[in-house]
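Read in order, the letters of the sequence shown correspond to residues 255 to 372 in the working numbering. Backbone N, C-alpha and C define an ideal beta-carbon position, used for all residues, glycine too. Treat the numbers as computed from the prediction; the structure is a model and nothing was measured. Taking it in order: structure first as structure tokens, then the write-up.
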Amino acid sequence: VQLQASGGGLVQAGGSLRLSCAASGRIYSINKMGWYRQTSGNQRELVATIIGSGLPNYADSVKGRFTISRGSAKNTVYLQMNGLKPEDTANYYCNLEQDEYGRSRSYWGQGTHVTVSS
């Protein structure tokens with residue numbers, strides 16, 4: 255499974271960006287797709303996920319500002335980020351979890367960088 259993320263960039267505080275992630279390869283039944291972020295010296299943290307039923311989950315720090323959604327083919331996930339803050343600056347990673355022969359497997363994209371200037 256390959257995950258191709260795009261959409262990062264530089265934006266001023268209060269601005270918006272939209273991240274996209276497309277999954278390809280041996281995709282079976284996707285349990286969950288989502289976005290995580292990481293800054294230098296810190297652990298990767300949850301931003302938002304969406305499970306197979308379409309139910310989203312958000313980190314408290316982004317609730318009301320970020321919206322996760324899926325494409326019609328369900329192998330693409332988007333993250334609409336509004337009201338960006340300097341503390342949102344990070345590398346954003348796309349993640350996919352699916353069942354493969356009775357085991358849950360997790361895949362990561364290469365990351366896309368978001369910089370929010372004050």
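Identity of the residue in the options nearest residue i by Cα
| i | options | result |
| --- | --- | --- |
| serine 270 | Leu309, Leu333, Gly337, Ser283 | Gly337 |
| alanine 313 | Gln364, Ser307, Arg291 | Arg291 |
| glutamate 299 | Val370, Leu309, Ala344 | Ala344 |
| serine 371 | Ala267, Gln334, Trp289 | Ala267 |
| proline 340 | Thr321, Gly325, Gly308, Thr293 | Thr293 |
| arginine 280 | Arg359, Leu333, Ser326, Ile304 | Arg359 |
| glycine 308 | Asn329, Ser278, Ser323, Arg357 | Ser323 |
| valine 368 | Arg357, Tyr355, Leu333 | Leu333 |
Delimiting residues of the beta strand (DSSP E) encompassing residue i
| i | result |
| --- | --- |
| arginine 357 | 357-362 |
| glutamate 354 | 344-354 |
| proline 310 | 310-312 |
| asparagine 329 | Element bounds for asparagine 329: n/a, residue is neither H nor E. |
| alanine 277 | 271-278 |
| arginine 298 | Arginine 298 -> no beta strand (DSSP E), and no H or E assigned at all. |
| valine 368 | 366-371 |
| arginine 291 | 283-292 |
| serine 260 | 256-260 |
| leucine 338 | Unbroken run through leucine 338: none, as it is neither H nor E. |
C-beta atoms of residue i and residue j nearer than 8 Å
| i | j | result |
| --- | --- | --- |
| aspartate 353 | asparagine 285 | yes |
| leucine 257 | tryptophan 362 | yes |
| valine 331 | methionine 287 | yes |
| threonine 225 | asparagine 311 | Because residue 225 is not part of the residues shown, which for the chain are 255 to 372, the question remains open. |
For this session: Report yes or no: do the region 261-277 and the region 336-353 share at least 3 C-beta pairs separated by less than 8 Å?
Result: yes
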